[in-house]
Each structure stands twice: as C-alpha cells, then as structure tokens.
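Quick note: the sequence shown uses the numbering used here, first residue -10, plus one each step.
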Amino acid sequence: MTMRMIAPVLLALALGGCGTTAVLEPGSAKTIDPDESLIVLGVNPGYRVLVFPGEVVGGQFKQSGFATAVINGAATDGYVVAKARAGQVLGLTSVSAQGEGLFGRSYTACGGARAPVFHVPKGQILYLADIRYEPSGGRSLNIRYEDRFEAAAAFVRKQYPQFEGTMQRTRVEALPMAGICQPNIIYIPIYVGR
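Quick look at the structure:
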C-alpha cells in the first residue's frame, strides 16, 4: 500500500475515533489536576469538534505538526466538557459531521481561514461559546455562535458537581490559520463572530 493510500486511512481513523480521554461524560466523577482547566463548549447534535494544540506566530494560529487532538468529542446533552493542560494554546480547527459516510464528513480551517483560538490557564472552568453547525450546499457549513453562559453554567453544576468554583468566559480570538490547504479535504472558515 502506498503512502498516498495510507494517509487518508490514518486521517479517517484519527478523526473518526470515539474521542479523547480528556472529554468527560455527564456524571463523571473525574476531576482536574492543578495544572489543568475544564473547557465547556456547546455544540449541536451530529457534530464532533476537534481542538488541536499549536502556537500563535505572526498573528496566525499554527497547528502543531503531528499532534493529535487535545479535545475530540461530540456533545452529550448539548455540551462538550473536557480537561486541558494549562499553558497550551488551542484552536478549534476541525469539525466532523457524524453520520455522513463511514467516519463522517470532515471540515477543516486552513489557508488563512479564521478559527477560534484560546489560551488555557491553570485550575479554571472556562466557557468558550455555544456553536451551531448547519450544512450548506454539501461542501460547507454555516456556523452560528451564541453566548449561552448561564445554561452552560447550570449544566456544569448539575452534571459535574465535583467542580467547585465559578465558571468564567474565556477570551477567544478569531485567528487566521497558518499553512496551505491540502487537496481532497473540505475546508471551511470556523470563527467566532463578534
């Protein structure tokens, strides 16, 4: 099997997996370490979000070369709740529409398209946004951002009572993606509207 055939298989396996251990299911008794924060992101059903580590270089988000997704999960009861290590710069750079094909249809931000990027501090409960994805013409998604902070806070209090403290909004920047777009991948702009 040539590299040309292996690469799509590996990409599909990475994007189509069950998620990362960082994602906490509702009712989970897991906690976060002092050098981690809890990330809360609202996502509509049928979509899996992939959040990757990287760095901000020249005002652009540069995704780490061979890093796997730090957060890879679909929402349960409307939210993806996951832990992330402090000190990281993370970007929501890929979305997979579940139920479309074997592993779902993947959409990726690249080539200057903007993506939500944020820094992870220590020991906090961070709300990013509520995101609604809707198909648009087969090769793209319409993306709508909402601030449903109170609903997210109530969800965390009910489903994760072990996390004491006040949830807070985190600063999310819509940064252009560094790098070029690869052929045969569907690309979309993923950004947080103001």
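In this text, a Cβ means the ideal position worked out from N, Cα and C, and glycines have one as well.
From the DSSP output, in three-state form, read off residue i for me.
i: F152; result: coil
i: E135; result: strand
i: F55; result: coil
i: L4; result: Its pLDDT being 43, under 50, L4 is placed unreliably in this model, and the value from its coordinates should be taken loosely. Reduced to three states, the DSSP call for L4 is helix.
i: A86; result: strand
i: V78; result: strand
i: T(-9); result: Confidence in T(-9) is poor, its pLDDT being 43 and thus under 50, which makes the residue's placement unreliable; the coordinate value appears in the next sentence. Looking at T(-9) - three-state DSSP - the assignment turns out to be coil, as it is neither helix nor strand.
Determine the direct distance from the alpha carbon of residue j to that of residue i, and round the result to whole angstroms.
i: D119; j: N131; result: 14 Å
i: V167; j: K51; result: According to the sequence displayed, residue 167 carries Ala and not Val. One C-alpha to the other measures close to 5 Å.
i: G35; j: E14; result: 16 Å
i: I169; j: L115; result: 31 Å
i: Y134; j: V78; result: 21 Å
i: S129; j: Y96; result: 8 Å
i: A11; j: Y122; result: 23 Å
i: T57; j: S83; result: 12 Å
i: Q171; j: E153; result: 43 Å
What residues in its chain sit with their C-beta under 6 Å from that of residue i, if we drop five residues either side in the sequence?
i: G101; result: P165
i: A142; result: M156
i: I21; result: L27, K72
Below 7 Å CB to CB, which residues in the same chain sit around residue i once its five sequence neighbours on both sides are set aside?
i: G76; result: V109
i: R160; result: F107
i: P23; result: K111, G112
i: G88; result: G35
Please report the residue range of the beta strand (DSSP E) in which residue i lies.
i: D119; result: 114 to 125
i: I71; result: First, the amino acid is wrong: residue 71 is Ala here, not Ile. Start and end: 68 to 74.
i: G43; result: 36 to 46
i: A64; result: Counting along the chain, A64 falls outside any beta strand (DSSP E), and DSSP gives it neither H nor E.
i: G31; result: 25 to 32
i: L164; result: 162 to 165
i: A102; result: Neither: A102 is in no beta strand (DSSP E) and is coded neither H nor E.
i: L13; result: From DSSP, L13 is part of no beta strand (DSSP E); its letter is neither H nor E.
Hey, is residue i close to the ligand SAH, as in C-beta under 7 Å from one of its heavy atoms?
i: A63; result: As for the ligand SAH, it is missing from this structure, which has no ligand bound.
If residue i and residue j are in contact, beta carbons under 8 Å, what's the gap, nearest whole angstrom?
i: P124; j: A64; result: That belief does not hold up - the Cβ atoms of P124 and A64 are roughly 17 Å apart, past 8 Å.
i: G191; j: S53; result: Since the displayed the chain opens at -10 and closes at 183, residue 191 lies outside it and no answer follows.
i: G80; j: V40; result: 7 Å
i: Y68; j: F138; result: Not really, about 12 Å apart at Cβ, beyond 8 Å.
Give me, in chain order, the residues of the same chain whose beta-carbon lies closer than 8 Å to that of residue i; leave out the 5 immediate sequence neighbours on both sides.
i: G126; result: none
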